[in-house]
Structures are given as C-alpha cells and as structure tokens.
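Enquirer:
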Amino acid sequence: MKKLFVALAILVLIVASGAAAVGFYLWNRMQAPYKGFSEAEKFVDIPSGTGTAGIRRRLVDAGVVSDELAFRAALAWTGQSRALQAGEYRFDRPMSAIEVIDKITRGDVYTHAITFPEGLTIREMAAIFQSQGFGKADEFIKAARDVSLVSDLDPAATDLEGYLFPETYTMPRGVSASKVISMMVDRFRSTYTDLEQKKSGELDLSLRQIVTLASLVEKETGKADERPMVAAVYRNRMTRKMLMQADPTVVYALVMAGTYDGNIRKQDLEFDSPYNTYKYPGLPPGPIASPGRAALAAALAPADVDYLYFVSRNDGSHAFASTLAQHNANVYEHQVLYFRKQRAERERQR
C-alpha cells in the first residue's frame, strides 16, 4: 500500500511538473515579441463578421503572430475571444500575441486622412471619397440626402449641399458613408455656432441664406482679405434689389442639368434655372458648394463698404467698384486690355 501511494505521488508530481512545463512554454510563447514580416509595416484587414479562427489565420499568415498555438494560448489567457473587433490594423514592430489581442480588442484601427477642400459640391466630395478608397461615390451621395441631420437648422433643405464642412478628417478605411456625412455635419454645426456666437448684432438672414451667401463667397475668391468685400457686394445688391449675377451659380445650374463643359457662354446666362442669378433676383434657392470657416465668417460679417461690383484681375485677385462707370473701367483694364495683350503676345511668338 505504501509503495502504491509513493507511485501515485510520483505520478502526480510528474504530471504537475509536465503541466507546469507546458504552461511555462505557452506563457513564453504568448509573451515573446514576434515580427515575421520583412516590411517596415504590415496591414491586416479584419472584415466585419470574421470569427476567431479567421482572425487567427490572417494574423499568422501576415507574420504578426508566430503561430496558431501562441494565439490560442493568448486568447484563452485574456478571455477576449468575443471582444475582437473588425477593422484595418497596422503593425510596425515586434509584438507579443497578448499585445496583438489587446490591440484588436481595443479596436485600435489604423485611420486614414481624407481632405475635402473648400468650395466643393456633394458630387465632387463623393468623387474624393471614392478615389481615396473609402467607399462608393453613390453611397456618399445617397447619405448626403439625409436632411434629418439639419432639419432643425434648415427645414427647407432638400439635401446637405453646403452643410458638409470642408476639412481634413481621419477615419478608418471602410467607414460608412453615413458616418462620414454625420461627422461633416457635426463639424459644420460646431463651426457655425462658434462664428455666430462671436458676431455682434442681430442676423437679418436665415441660416440657409447665410450658408448660401457663404457658398458664393467661397466660389468667387480664395483670397482671405477679399471674402468680406465679396460678401458685402452681394449683401449690397440684395438691399438694392439688384441681380446677384454670380457666374458660379450659372455653373452650378449647368452642372445640375448635365450640360456644363467647362465654359460659360453668353447664351448660358439665359439658362432657365432658379440657380441662375443672372435671370432670377436674390440669392439662389440654396448653397452651391460647401463654404469653409472664412467664407462663413464673411457672410456673417461682411465688410463695411459700398461696393456693388467686382471683376477678376486674372491673378487671383479682384478689382472692386461702387459705380457702374468704375466697374466698366475695371473691366476694360483687367479683361479687355488683358486679353488683347495675351493675343498680341501669342501672335508675336508665332
């Protein structure tokens, strides 16, 4: 009996020692930093709905985790098998299996920057969204029809034109278009609220009119010092019941009709559209692009000037005038004479 007890004790000791050895081995495997890829960085995409087995294979195949055993052991140790999150992950250094699981559990996905410049339409923004691999342009355009996002600001909105704030955003690849649209509207809200709070005096235009005016300013000039003056021109014209005569509104009307070819001709100024401010008085029905912060600020606080006209100097700046006679003189100098000189120079070089 004594011998049997000793034998059992020895067996238990051997099993315990073996288990300890296995445990020590697995502990080292899941704690040891590993980098099995030669590149400086490796991206692993985990699609939504991928199970732990699929995640494990992707990480092992990418050289992020040494082998399936190490991953299984780390997953069992952390107890996070149900907490792994989908997304694109970036790995650029040796990491233990436990560190890898922690990264994926936290949803520490890699984010990409996407820039929407000022003065773009919804369709132009959608093209950027697609070209940079975030999703389809049609999905962006569809999401931009969700007027419920601005219904409290602009009950008359039929889409989100003008309310998608131009900015550089960082987001994970594969983010839904609706999420991007929501972010852009939120940024518009915070920017507009900040500018409105800084303005002194009462607003005599609705928010929709302010944003529409800002979109004209954004399309007319890229010079910071000119924006308040351009806004003043249009405000002065509104006060005097004059036509806005803004070329960008004609372009917008032609684009909406699918007939714009990159040029405005004299007959285009007669194109029948409520957005054609050569034909219909006042501001167009809504924004023609997304204005940035500076253009919104100019619309909220135009310059205190009596200008009614401006014309391009063909160098990015404009000449402003208070009377038609002054404006005609500016047109002659900066348009007629300028293009005569251009033609003469081309003839000389032939």
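Quick note: the sequence shown, position 161, residue 250 per the working numbering, numbers continuous. Ideal Cβ positions, reconstructed from N, Cα and C, are used throughout, including at glycine.
Report the option in MET331, THR348 and SER304 whose CA atom is closest to the CA atom of THR338.
Expert: The residue labelled residue 338 in the question sits at position 249 within the sequence shown. Of the candidates MET331, THR348 and SER304, the one whose C-alpha sits nearest the C-alpha of THR338 is SER304.
Enquirer: When we look at the beta-carbon of PHE254 and count the other beta-carbons within 10 Å, is it buried (16 or more) or exposed?
Expert: As a position in the sequence shown, residue 254 is number 165, starting the count at 1. Classification for PHE254: buried.
Enquirer: At which residues does the beta strand (DSSP E) containing PRO261 begin and terminate?
Expert: Taking the sequence shown and counting its residues from 1, one reaches residue 261 at position 172. It spans 257 to 261 - the beta strand (DSSP E) in which PRO261 sits, taken as one unbroken run.
Enquirer: On a Cα-Cα basis, can you pick out the residue from ALA378, ASN352 and LEU343 that is closest to ASN365?
Expert: Counted from its first residue, the sequence shown places residue 365 at position 276. Taking only the C-alpha atoms, the option nearest ASN365 is LEU343.
Enquirer: In three-state terms, what does DSSP make of GLU200?
Expert: As a working mapping, residue 200 is identified with position 111 in the sequence shown. It should be noted that the sequence gives Thr, not Glu, for residue 200. Residue state, collapsed to three classes: strand.
Enquirer: Quick check: the Cα distance between PHE399 and TYR323, rounded to an integer number of angstroms?
Expert: Counted from its first residue, the sequence shown places residue 399 at position 310. Counted from its first residue, the sequence shown places residue 323 at position 234. Rounded to whole angstroms, PHE399 to TYR323 spans 10 Å at the Cα level.
Enquirer: Helix, strand or coil for PHE218? Go by DSSP, reduced to three states.
Expert: Position 129 of the sequence shown holds residue 218. Helix.
Enquirer: Once DSSP output is grouped into helix, strand and coil, what is the label at ILE377?
Expert: Taking the first residue of the sequence shown as 1, we reach residue 377 at position 288. Of the three classes helix, strand and coil, the one that applies to ILE377 here is coil, per DSSP.
Enquirer: Quick check: is the beta carbon of LEU158 nearer than 8 Å to any beta carbon in chain D?
Expert: Here there is only one protein chain, and chain D is not present.
Enquirer: Across the stretch 150 to 169 and the stretch 204 to 220, are there enough close Cβ pairs to call them in contact, namely three or more that are closer than 8 Å?
Expert: Touching, no.
Enquirer: Put ALA387 into one of helix, strand or coil per three-state DSSP.
Expert: Position 298 of the sequence shown, counted from the first residue, corresponds to residue 387. Here ALA387 sits in helix by DSSP.
Enquirer: So is ARG439 buried or exposed if we call it buried at 16+ other beta carbons inside 10 Å?
Expert: For the purposes of this step, residue 439 is taken as the residue at position 350 of the sequence shown. With fewer than 16 Cβ atoms within 10 Å of its Cβ, ARG439 is classed as exposed.
Enquirer: With 16 as the cutoff for other CB atoms within 10 Å, does PHE126 come out buried or exposed?
Expert: Stepping through the sequence shown from its first residue, residue 126 is reached at position 37. Looking at its Cβ environment, which holds fewer than 16 other Cβ atoms inside 10 Å, PHE126 is exposed.
Enquirer: Can you tell me where the alpha helix (DSSP H) with ILE144 in it begins and where it stops?
Expert: On the sequence shown, residue 144 is found 55 positions in, with the first residue counted as 1. Per DSSP, ILE144 belongs to the alpha helix (DSSP H) from 141 to 150.
Enquirer: Is it the case that the CB of LYS231 approaches a heavy atom of the ligand HEM more closely than 7 Å?
Expert: Because no ligand of any kind appears in the structure shown, any question about the ligand HEM cannot be addressed here.
Enquirer: Unbroken alpha helix (DSSP H) runs of length 4 or more, entirely within the stretch 302 to 340: which are they?
Expert: Taking only runs of at least 4 residues, the alpha helix (DSSP H) segments lying wholly in the stretch 302 to 340 are 316 to 328.
Enquirer: Leaving aside the five residues before and after GLU422 along the sequence, list all residues of the same chain whose C-beta is less than 6 Å from its C-beta, in chain order.
Expert: Against the sequence shown, residue 422 aligns to sequence position 333. Cβ within range, chain order: n/a, list empty.
Enquirer: Give the straight-line distance between the Cα atoms of LYS287 and MET333, rounded to the nearest whole angstrom.
Expert: Here residue 287 refers to the residue found at position 198 of the sequence shown. Here residue 333 refers to the residue found at position 244 of the sequence shown. Approximately 27 Å, taken between the alpha carbons.
Enquirer: What are the boundary residues of the alpha helix (DSSP H) that includes HIS423?
Expert: Translated into the one-based positions of the sequence shown, residue 423 becomes position 334. Run containing HIS423: none; DSSP gives neither H nor E here.
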